[in-house]
Each structure stands twice: as structure tokens, then as C-alpha cells.
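Notes follow the structure.
This is the structure in C-alpha cells:
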């Protein structure tokens, strides 16, 4: 089980995202929700640009040739791709709300928190400077968490 834990987390993450996406329209019409959804998309594009494709892996593991990125959105939070995912999903659930969709969103949040915990263990082992980075940055929400 432990051997496949990263893949299990990815499977659960993609499952809950898919359940949110197929349970209502994927584009918002109300300005506030649309703004949050588009902002999330911009953050993920910015994060991918800063990370470069050589560093990206959907699994919460550190690539052996990876580099620690602390610039761009990574200056504000340690996991901007997860933040961006949550921004988009919150916007989708917010405009087309149902208790079931909220449950999917909360389950997604829990999975992402487990992914973060697992990923950060590897980052601390691989990058000694990550400990200092933890002290200077928040996980998901700038200045808060």
C-alpha cells in the first residue's frame, strides 16, 4: 500500500475533481465566481511557468534532478498549483452549489492536505533549504495558511 500511496493520492485527487466537473457546468457566469475561476487558472499557468516542466510531477514525489523553486507564486505559497486547483473548484461549487458538490470539494481538500504532507516530507529530505522556506512561506493561502 505504501508503495502506491502517491498514486492513490493522485487517483483520489483526480476523482474528486472529475466529480465536481461532471456534476455541473464547468464555466461560471456570475462575475465573482468567474473571476475566482479565471484567477485560479492564471495562478496555475504562472506556477507551471516558474516550475518548468522538468520539475513537474502530478505525484507528490521529488524528482531526483529537481530544483527548489521559491520565486513567482512559490514566493507567496509553497503549493500554488494546489491553491489554484482549489480556487477553480471553489468557484465551480460556489456558483452551482449542492451539498454533494460541497462534499466532493471537502474530500478534495483533505486529499490535497495529505498530498502536501507527503510531498513536504520528501522536499525536506531532498532540499536542506526547504526548512528555511517553510519558515518564510505559507502552504496554500498567502499570509494565512
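Numbering (my numbering), first residue to last: -18 to 126. Backbone N, C-alpha and C fix where the C-beta goes; we use that ideal spot for every residue, glycine too. Computed from a predicted model, the values in this text were never measured in an experiment.
Asked, Found
"Beta-bridge pairing of residue 136 - partner residues as DSSP gives them", "The requested residue 136 does not occur in the structure, where the chain is confined to residues -18 to 126."
"Endpoints, alpha helix (DSSP H) assigned at residue 81", "80 to 107"
"8 Å Cβ cutoff met for residue 24 and residue 64", "yes"
"Between the CA atoms of residue 84 and residue 56 - distance to the nearest angstrom", "31 Å"
"For residue 49, three-class secondary structure by DSSP", "coil"
"At least three beta-carbon pairs within less than 8 Å, the segment 60 to 79 to the segment 103 to 118", "no"
"Residue -8 (DSSP reduced to helix, strand or coil)", "helix"
"Proximity of residue 31 and residue 48 at Cβ, strictly below 8 Å", "no"
"Given 8 Å, three or more beta-carbon pairs between the segment 86 to 95 and the segment -7 to 1", "yes"
"Extent of the continuous alpha helix (DSSP H) run through residue 166", "There is no way to answer for residue 166, as the model of the chain reaches only from -18 to 126."
"Counted within 10 angstroms of its Cβ, other Cβ atoms place residue 59 as buried (16 or more) or exposed", "buried"
"Cutoff 7 Å; reference residue 123; Cβ partners in own chain excluding five residues on either side", "57 and 58"
"Residue of -10, 2, 94 and 9 minimising C-alpha distance to residue 76", "9"
"Three-state secondary structure (DSSP) of residue 71", "helix"
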